[in-house]
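Counting with our numbering, you get residues 101 to 279 for the letters of the sequence shown. We treat Cβ as the ideally placed atom computed from N, Cα and C, and that holds for glycine.
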Amino acid sequence: DHSIEQFKIHFKRMGIPESATNRLFSPVKKEMGVNIGRLTRYSEDWYTILTNLGLCARAQMNRFWGIEMTTAFYNAVTGFDISIEEMRKGAERTWNLLKILNVKEGFSRKDDQFPKEWFKPLKYGNAILDMKDFTGTTKITPEIANSLIDDYYDERGWNNIDGSPTAEKIKELGLEKFV
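Below is the structure:
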């Protein structure tokens, strides 16, 4: 499938570990093609890398960058010699620190919900439109949206009950002093 191959090329450019690729192609519903909940974790990390380097993250521009090149930029500018894995971990650390701070402020899984209005049909001219996946084949119901949040949390290493990073994830990223 052409679109699946395009995703694979983009995943590699973003530096998504090959070990995660199969999970990204395990959608909530088969016809959705890709699991957007799981992909969101890596997209957030990728855009964090671009933003931290001051690189344009717009789709027309970010397709010219790749994880190898952005890591080389970072090393050239800072004089450090970090690996691609360390670059990815830095972005992952950013999102986990933000989540830790939100949890400290009392935010939890109950706050990570899609607005109810998204699930109401939208009248557009004579048409009635529903929120659908990117292929336009699957109507996103509250149940599917909740499954996407579950998958996102799982991919991040966060607790599915309350939304906080797990103790293992916090230790892996060296964020113990912030908890």
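Beta carbon of I149, beta carbon of A191: below 7 Å?
In the sequence shown, counting from the first residue as 1, residue 149 sits at position 49. In the sequence shown, counting from the first residue as 1, residue 191 sits at position 91. Between I149 and A191, the C-beta spacing is below 7 Å.
Where Y174 and T235 are concerned, what is the direct C-alpha to C-alpha distance, given to the nearest angstrom?
Sequence index remark: in the sequence shown, residue 174 carries index 74 (1-based). Sequence index remark: in the sequence shown, residue 235 carries index 135 (1-based). Computed Cα separation, rounded: 36 Å.
If we count the other Cβ atoms within 10 Å of its Cβ and call it buried at 16 or more, is L229 buried or exposed?
Counting from 1 along the sequence shown, the entry for residue 229 is found at position 129. The residue is exposed, with fewer than 16 neighbouring Cβ atoms inside 10 Å.
Using the C-alpha atoms, what's the distance from N196 back to E272?
Position 172 of the sequence shown holds residue 272. Position 96 of the sequence shown holds residue 196. Straight-line Cα distance between these residues: approximately 11 Å.
Kindly indicate which three-state DSSP category K220 falls into: helix, strand or coil?
Sequence index remark: in the sequence shown, residue 220 carries index 120 (1-based). DSSP, reduced to helix, strand and coil, places K220 outside both helices and strands of the structure shown, so it counts as coil.
When you compare only the Cα positions, how much space is there between T238 and M231?
In the sequence shown, counting from the first residue as 1, residue 238 sits at position 138. In the sequence shown, counting from the first residue as 1, residue 231 sits at position 131. Each residue's alpha carbon lies about 8 Å from the other.
Buried or exposed for D145, please, with buried defined as at least 16 other CB atoms from any protein chain shown within 10 angstroms of its CB.
One-based indexing of the sequence shown puts residue 145 at position 45. It is buried - the Cβ of D145 has at least 16 other Cβ atoms within 10 Å.
DSSP three-state call for A227: helix, strand or coil?
As a working note, residue 227 is residue 127 in the sequence shown. Correct three-state label for A227: strand.
Neighbourhood of K269 by C-beta distance below 6 Å, restricted to the same chain and skipping five residues each side
Translated into positions along the sequence shown, residue 269 becomes position 169. So the qualifying residues of the chain are G257.
Classify S299: buried if its beta carbon has 16 or more other beta carbons within 10 angstroms, exposed otherwise.
Residue 299 is absent from the model: the chain starts at 101 and stops at 279.
Tell me whether the beta-carbon of K182 lies closer than 7 Å to the beta-carbon of G115.
In the sequence shown, counting from the first residue as 1, residue 182 sits at position 82. In the sequence shown, counting from the first residue as 1, residue 115 sits at position 15. At residue 182 the sequence reads Ile, which differs from the Lys that was named. I182 places its beta carbon 7 Å or farther from that of G115.
Pick helix, strand or coil for P242, following the three-state DSSP scheme.
Within the sequence shown, the letter at position 142 stands for residue 242. Three-state result, P242: helix.
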